[in-house]
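Colleague:
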Amino acid sequence: MQDSTVYNIQETIEYQKNSIVSKTVIDMDTGTVTLFAFDEGQNLSEHSAPHEAMVHVIDGVGEYTIGSETHRVKAGEMIVMPADIPHSVRAPEKFKMVLIMIENIEE
Numbered sequence: 001m002q003d004s005t006v007y008n009i010q011e012t013i014e015y016q017k018n019s020i021v022s023k024t025v026i027d028m029d030t031g032t033v034t035l036f037a038f039d040e041g042q043n044l045s046e047h048s049a050p051h052e053a054m055v056h057v058i059d060g061v062g063e064y065t066i067g068s069e070t071h072r073v074k075a076g077e078m079i080v081m082p083a084d085i086p087h088s089v090r091a092p093e094k095f096k097m098v099l100i101m102i103e104n105i106e107e
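Just so you know, the UniProt record's numbering puts 34 at position 34 of the sequence shown, and the rest follows in order with no gaps.
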């Protein structure tokens, strides 16, 4: 078990010009929590993951294409990305997000 830590998300990760910055907060066999800061115009190309994922946008607006649907998600909103569905992320403006990935555990 890790020690308790209080994070100010806005201060824990900073924007960098022409970059995507990430910081992993929790990295366990059962899932991860990662903070991201996207500069305007940056993107993650289409990919898929074997885990369920939830994104919480904490600053700005992110654009998520999941399968064939595109969603604009703004600060204070969340979106779920199902496992094994191709998705991509685009920054129409700079934005920060928290990505929570949880492994599917079958009994």
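Here a beta-carbon is modelled for each residue, glycine too, at the ideal position from N, C-alpha and C.
#1: I need the DSSP call for glutamate 11, collapsed to helix, strand or coil.
#2: For alanine 91, count neighbouring C-beta atoms within 10 Å of its own C-beta (all shown protein chains included) and say buried if the count is 16 or more, exposed if not.
#3: Can you tell which of Thr24, Lys96, Met28 and Pro50 has the C-alpha that lies nearest to the C-alpha of methionine 81?
#4: What do you get for valine 73, buried or exposed, if any count of 16 or more other CB atoms within 10 angstroms of its CB means buried?
#5: Three-state secondary structure (DSSP) at glycine 31?
#6: Give me the DSSP bridge partner(s) of alanine 75.
#7: Given this structure, state the Cα-to-Cα distance separating glutamine 68 from glycine 62, to the nearest angstrom.
Modeller: The answer reads as follows:
#1: Correct three-state label for glutamate 11: helix.
#2: Classification of alanine 91: buried, given that the 10 Å Cβ count is 16 or more.
#3: Per the C-alpha coordinates, the member of Thr24, Lys96, Met28 and Pro50 positioned closest to methionine 81 is Pro50.
#4: The residue is buried, with at least 16 neighbouring Cβ atoms inside 10 Å.
#5: Three-state result, glycine 31: strand.
#6: Answer is none; alanine 75 lacks a bridge partner.
#7: What sits at residue 68 in the sequence shown is serine, not glutamine. If you draw a straight line from the Cα of serine 68 to the Cα of glycine 62, it comes to about 16 Å.
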